[in-house]
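Participant: I'd like to ask some things about the structure below.
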Amino acid sequence: MALNSPYIGYVATESDDRLVVFGERNTRYDIPKTEIKTVSKNVLIDMTFEDITQHYGVSRNTPLPERIREPEPWTGAGNIDLASYEKKFNRTLFNLGVRAKNEDHVGHVMKETDDKIVVFGHYDHRYDIPKSKIIAVGRNVI
4 MALNSPYIGY VATESDDRLV VFGERNTRYD IPKTEIKTVS KNVLIDMTFE
54 DITQHYGVSR NTPLPERIRE PEPWTGAGNI DLASYEKKFN RTLFNLGVRA
104 KNEDHVGHVM KETDDKIVVF GHYDHRYDIP KSKIIAVGRN VI
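Counting the sequence shown from 1 gives a position; the working numbering is that position plus 3.
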């Protein structure tokens, strides 16, 4: 979500430093995580939609950034159930909804890196959103 737009797109993937957001009409935004203001179920980017498009719009065919490396949870001794896995590895923003500051829907986080989240939105929009623009994280990223 942008400051002036309820929906930008959804996070498609996340690298260490940015989010890749897919938006409408085959658009993609590689947004540095430093631009994220709030994260909950949605991601809020502390910029207007026009600024996001101008500064972070990229071709959707551009290769995606390298994903955040997470430890393999299933290599431990014994059986590990999903609840145990989620308790141990719950820091990810993957598949959280992304909302603007005004709570309008932007999309979903598809990838997370150390400094960005990638949001895929409706109409094939992609946004790479810096985590610094995230305001809050809960059920959505704002």
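All C-beta atoms, glycine included, are put in the ideal place defined by N, C-alpha and C.
Just so it is clear, the structure is predicted and the values come from calculations on it, not from any experiment.
#1: Closest to residue 118 by CA distance: which of 135, 56, 107 is it?
#2: Would you kindly check if the distance between the Cβ of residue 17 and the Cβ of residue 109 is under 7 Å?
#3: Under DSSP, the alpha helix (DSSP H) around residue 58 begins and ends at which residues?
#4: Is residue 118 helix, strand or coil by DSSP?
#5: In three-state terms, what does DSSP make of residue 13?
#6: Can you grab the Cα-Cα spacing for the pair residue 127 / residue 31, in whole Å?
#7: Near residue 28, which residues of its chain fall below 8 Å by C-beta distance, leaving aside the five closest residues on each side in sequence?
#8: Since I believe residue 20 is in contact with residue 61 (beta carbons under 8 Å), could you give me their beta-carbon distance rounded to a whole number of angstroms?
#9: Out of 57, 53, 107, 101, state which residue places its alpha-carbon closest to the alpha-carbon of residue 22.
#10: Between residue 15 and residue 63, what straight-line distance do the alpha-carbon atoms span, to the nearest angstrom?
Facilitator: Walking through what the data contain:
#1: Taking the first residue of the sequence shown as 1, we reach residue 118 at position 115. Distances from the CA of residue 118 to each of 135, 56, 107 were compared; the closest alpha carbon is that of 135.
#2: Start at 1 with the first residue of the sequence shown, and residue 109 comes out as number 106. Start at 1 with the first residue of the sequence shown, and residue 17 comes out as number 14. Taking the C-beta atoms as reference points, residue 17 is found no nearer than 7 Å to residue 109.
#3: As a first step, residue 58 must be located in the sequence shown, where it is residue number 55. From DSSP, the alpha helix (DSSP H) with residue 58 extends over 52 to 59.
#4: What you label residue 118 is simply residue 115 of the sequence shown in a count that begins at 1. Note: residue 118 maps to coil in three-state DSSP.
#5: The count along the sequence shown starts at 1 and reaches residue 13 at position 10. The answer is strand: DSSP assigns residue 13 an E or B state.
#6: Within the sequence shown, numbered from 1, the residue matching residue 127 stands at position 124. Within the sequence shown, numbered from 1, the residue matching residue 31 stands at position 28. Between the alpha carbons of residue 127 and residue 31 lies a distance of about 8 Å.
#7: Within the sequence shown, the letter at position 25 stands for residue 28. Cβ neighbours of residue 28 within its own chain (closer than 8 Å, five residues either side excluded): 126, 127, 128.
#8: Taking the first residue of the sequence shown as 1, we reach residue 61 at position 58. Taking the first residue of the sequence shown as 1, we reach residue 20 at position 17. The beta-carbon separation of residue 61 and residue 20, rounded to 14 Å, does not stay under the 8 Å limit for a contact.
#9: Within the sequence shown, residue 22 is the residue found at index 19, counting from 1. Checking every option, the nearest Cα to that of residue 22 belongs to 101.
#10: Working through the sequence shown from its first residue, we reach residue 15 at position 12. Working through the sequence shown from its first residue, we reach residue 63 at position 60. Cα to Cα, the separation comes out at about 11 Å.
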